[in-house]
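Read in order, the letters of the sequence shown correspond to residues 8 to 194 in our numbering.
Glycine included, every Cβ here is placed at the ideal spot set by N, Cα and C.
Reading through the structure tokens given below for one structure.
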Amino acid sequence: WHTETARRLASCLIKGNGSVDGDAIAVAIEQLQRDFHRTQLPRGPYAERLARVLARLGDAAALRARLESIKGPAPAAADFVRATLGLSPTVAVTDTDARRAVLAALLAELRQDAVGSCFATSLAIKVHDEKPDQLLSDLKALLEDGKLTRTLHLGHDARATADFPLNPSIGLEELQQPFAADAKGRV
8 WHTETARRLA SCLIKGNGSV DGDAIAVAIE QLQRDFHRTQ LPRGPYAERL ARVLARLGDA
68 AALRARLESI KGPAPAAADF VRATLGLSPT VAVTDTDARR AVLAALLAEL RQDAVGSCFA
128 TSLAIKVHDE KPDQLLSDLK ALLEDGKLTR TLHLGHDARA TADFPLNPSI GLEELQQPFA
188 ADAKGRV
């Protein structure tokens, strides 16, 4: 539910020309608050966080401008955009697609799974949930340049700049997770 909701919202909130639709943000917030199923169930942390992120996006012109500044991805990042949006591998990725993928990442729930580093994931979750400006800047750099660049503080006044390239591979263990389905196809 979380991933699909984020993907659909991103598609609705980023217009075909790549701009953020402020009116659609207000409508989405209102619909989340009025949704019968969501109001009848206890509101979990994801629903609360989603409403906060949408409200911040609606209120912060600088955040919308940063999102609208994202350009089509470097070749190494195009498959990430396609996978995030559920696009065919043959579809050419546009600036609008890149913006929708970044917004979907901002709106989606980020949690540790069976594959990954708990240390890296905990920092990613902190940036994702608490520093959306930094997240947008980092995702923009990863998509457009295929890397993150950081200044490392090495000591008293010593500094060095380092590039951290986008890793296009995923853990094979994630693809080999067993699951069971009954005769009706329920997992």
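- Arg157 is bridged by DSSP to Ala169.
- Bounds of the alpha helix (DSSP H) holding Gln40 are 29-41.
- The Cβ neighbour count for Leu20, taken over all protein chains shown within 10 Å, is at least 16; the residue is labelled buried.
- For the 8 Å CB-CB criterion, Ile36 and Leu61 form a contact.
- DSSP places Ile132 in the helix class (H, G or I) of the three-state scheme.
- When only Cα atoms are considered, Ala105 and Pro96 end up about 14 Å apart.
- Note: Ile21 is bridge-paired with Val27 in the DSSP secondary-structure output.
- Val194 sits in coil when the DSSP states are folded into three classes, being neither helix nor strand.
- Runs of the alpha helix (DSSP H) lying entirely within the stretch 73-134 and spanning at least 4 residues, in chain order: 82-92, 102-114.
- The straight-line gap separating the alpha-carbon atoms of Lys138 and Arg41 is approximately 28 Å.
- Residue burial is scored here from C-beta neighbours: Pro80 has at least 16 other C-beta atoms within 10 angstroms and is therefore classed as buried.
- Closest option to Ser176, judged by alpha-carbon separation, among Arg56, Ile32, Phe87, Gly23: Phe87.
- Around the Cβ of His135, a 10 Å sphere holds 16 or more other Cβ atoms; the residue is buried.
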